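Engineer:
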Amino acid sequence: MATPRPLTPAQVAFFHEEGYLIVPDVFDPAALEPLRQEIHGEINRKARELHAAGKLERLHDDLGFDRQLSAIYRESKAAGDAIVRHLMGVRGGGYYSPEMFSLIVNPHLVAKIASLVASDEIVASAYRIRPKLPHFGAGVVPWHQDSGYLAEHCDEHLIITCWVPFVDATAENGCMQILPRTHRGRVYQHHAGGNADFLVIRDQDLPVDPSGAITAACPRGGAVFMSNRTPHCSTPNVSDHIRWSVDLRYKAADVPNNVDVVPARLDERGHADPEFYEKVNVACYPPDADIVVRSKAHPEKVIDYARYVQLREIYDRTEPAFPEVRAWPSLKM
Ligand SMILES: O=C(O)CCC(=O)C(=O)O
């Protein structure tokens, strides 16, 4: 494997000035293949189960990874939803194959994060897999800052969103739009109940006119990096294929986190002991387990796959203390 390279000082300066950075060549695109294939395998496993239960007539596997799920949705929305729910797990980050873990800890990616947060000890946090289907409104993500989803006490900390497409992400297939040079502002007013129940910053609450957004096109093998206060959204996919992507979050280890915080007791309803909630709620996103993915000074802290799975399973079974990490008024009020 080629030696992982940090970002150049010019790239780091661009990120801090603009609030985002697009790096077209983080990975050899072939390195994403095992994860793509594993997700494809998982879709087929679930599709076969639905087929056996009489809930799906055809597997549509002949269409391949970039089109199969659309055909399943066309045949049966309920079957499509069941597959997506299966991939997301109970709270969205429920997919934890060895291939997913390899992406989270990918040394090329983590070296870039280390440059952005100027730290050698890096913690990974919440991530989501997104199949953005063509001509399907639910994949359109309204304007928001990721801090809108995170605990308020983390507003002044830097948390990096790292967005990795599995296909060339373009304006046509609904890549992200980003408002540059607006990330030094506060966390703007969000509302609950935007498209597909995402949070939304209404146009009138944005710091600048959204027509000034940049189109964050990114080739397969690249990544888009943003801060937690960078306003961004994504547009409809009007192509003929699914815009698959994964978004991951990272921070320096001195940013509030729940590394190694596990319940001492957990009842059958998923309620943990009060001390657990006290400690876990220190994290910026308490429902998901934070994990150390790099530490040159303390390599013993770096997580291995077995422990990662153990933590993910425990957090999946544990009810968070609050239904929402951050409460926003509803659009409908
Ligand atoms: O993938 C998308 O369309 C939007 C992603 C996003 O908003 C995020 O990662 O915060």
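Mapping to this note's numbering: the sequence shown position 29 is 1077, numbers consecutive.
We treat Cβ as the ideally placed atom computed from N, Cα and C, and that holds for glycine.
Predicted, not measured: the structure shown is a model, and the values here were computed from it.
Would D1257 and R1234 qualify as a contact pair, given that the criterion is a beta-carbon distance under 9 Å?
Structural biologist: no
Engineer: Who are the near neighbours of L1098 in its chain, counting only those whose CB is closer than 7 Å to its CB and skipping five residues on each side?
Structural biologist: L1104, A1127 and A1130
Engineer: Just checking, does the region 1108-1119 make contact with the region 1062-1077 on the three C-beta pairs under 8 Å criterion?
Structural biologist: no
Engineer: Buried or exposed for P1179, please, with buried defined as at least 16 other CB atoms from any protein chain shown within 10 angstroms of its CB.
Structural biologist: For P1179, the number of other beta carbons within 10 angstroms of its own is at least 16, and it is reported as buried.
Engineer: On the three-state DSSP scale, how would you describe H1239?
Structural biologist: strand
Engineer: Excluding the five sequence neighbours on either side, which residues of its own chain have a C-beta within less than 6 Å of the C-beta of A1199, listed in chain order?
Structural biologist: C1332 and V1373
Engineer: Please tell me whether N1243 and P1182 are closer than 9 Å, where the distance is taken between their beta carbons.
Structural biologist: no
Engineer: Three Cβ pairs or more, each shorter than 8 Å: is that satisfied between the region 1335-1353 and the region 1165-1172?
Structural biologist: With a cut-off of 8 Å, the region 1165-1172 and the region 1335-1353 count as touching, because enough Cβ pairs lie within range.
Engineer: When you compare the region 1073-1092 with the region 1262-1272, are there three or more beta-carbon pairs, one atom per stretch, that lie closer than 8 Å?
Structural biologist: yes
Engineer: Is Y1175 closer than 9 Å to E1090 when the C-beta atoms are compared?
Structural biologist: no
Engineer: For a test of your reading of the model: does the CB of R1053 fall under 8 Å from any non-hydrogen atom of ligand 1? Yes or no.
Structural biologist: no
Engineer: Label G1102 either buried or exposed according to how many other C-beta atoms from any shown protein chain fall within 10 Å of its C-beta, with 16 as the threshold for buried.
Structural biologist: exposed
Engineer: Is there a C-beta anywhere in chain B that falls below 9 Å from the one on V1373?
Structural biologist: Looking for chain B here will not work: only one protein chain is present.
Engineer: Can you give me the C-alpha to C-alpha distance between D1110 and I1120, rounded to a whole angstrom?
Structural biologist: 12 Å
Engineer: For Q1085, which three-state DSSP category applies?
Structural biologist: Residue state, collapsed to three classes: helix.
Engineer: Compute the distance between the beta-carbons of R1297 and D1194, then report whether it is under 9 Å.
Structural biologist: R1297 is a Cβ neighbour of D1194, given a cutoff of 9 Å.
Engineer: As an exercise, report each continuous beta strand (DSSP E) stretch of at least 3 residues that is fully enclosed by the region 1138-1200, in chain order.
Structural biologist: 1170-1180
Engineer: In whole angstroms, what is the alpha-carbon distance linking M1274 and F1063?
Structural biologist: 8 Å
Engineer: Which word fits K1380, buried or exposed, when buried means at least 16 other C-beta atoms lie within 10 angstroms of its C-beta?
Structural biologist: exposed
Engineer: Output the boundary residues of the alpha helix (DSSP H) element that contains V1343.
Structural biologist: Val is not the amino acid found at residue 1343; the sequence shown has Ser there. Careful: S1343 lies outside any alpha helix (DSSP H) and carries neither H nor E.
Engineer: Can you pull every residue whose C-beta falls closer than 6 Å to some heavy atom of ligand 1, listed in chain order?
Structural biologist: R1178, K1180, V1189, D1194, T1209, W1211, M1224, H1280, S1282, S1293 and D1295
Engineer: By the 10 Å Cβ neighbour count, where 16 or more other Cβ atoms means buried, how is F1246 classified, buried or exposed?
Structural biologist: buried
Engineer: Cβ of N1426 within 9 Å of Cβ of A1354?
Structural biologist: A query on residue 1426 cannot be resolved here, the shown segment of the chain reaching from 1049 to 1381 and no further.
Engineer: Under 8 Å: do the region 1207-1220 and the region 1284-1303 share three or more Cβ pairs, one atom per stretch?
Structural biologist: Three or more Cβ pairs drawn from the region 1207-1220 and the region 1284-1303 lie within less than 8 Å of each other, which places the two stretches in contact.
Engineer: Can you tell me whether DSSP reads R1297 as helix, strand or coil?
Structural biologist: strand
Engineer: Distance check for P1052 and T1286, CA to CA, integer angstroms please.
Structural biologist: In the sequence on display, residue 1286 carries Val and not Thr. Their Cα atoms are separated by approximately 35 Å.
Engineer: Identify whether C1202 lies in helix, strand or coil by the three-state DSSP scheme.
Structural biologist: Reduced to three states, the DSSP call for C1202 is helix.
Engineer: Whole angstroms is fine: what's the gap from E1220's alpha carbon to D1288's?
Structural biologist: 9 Å
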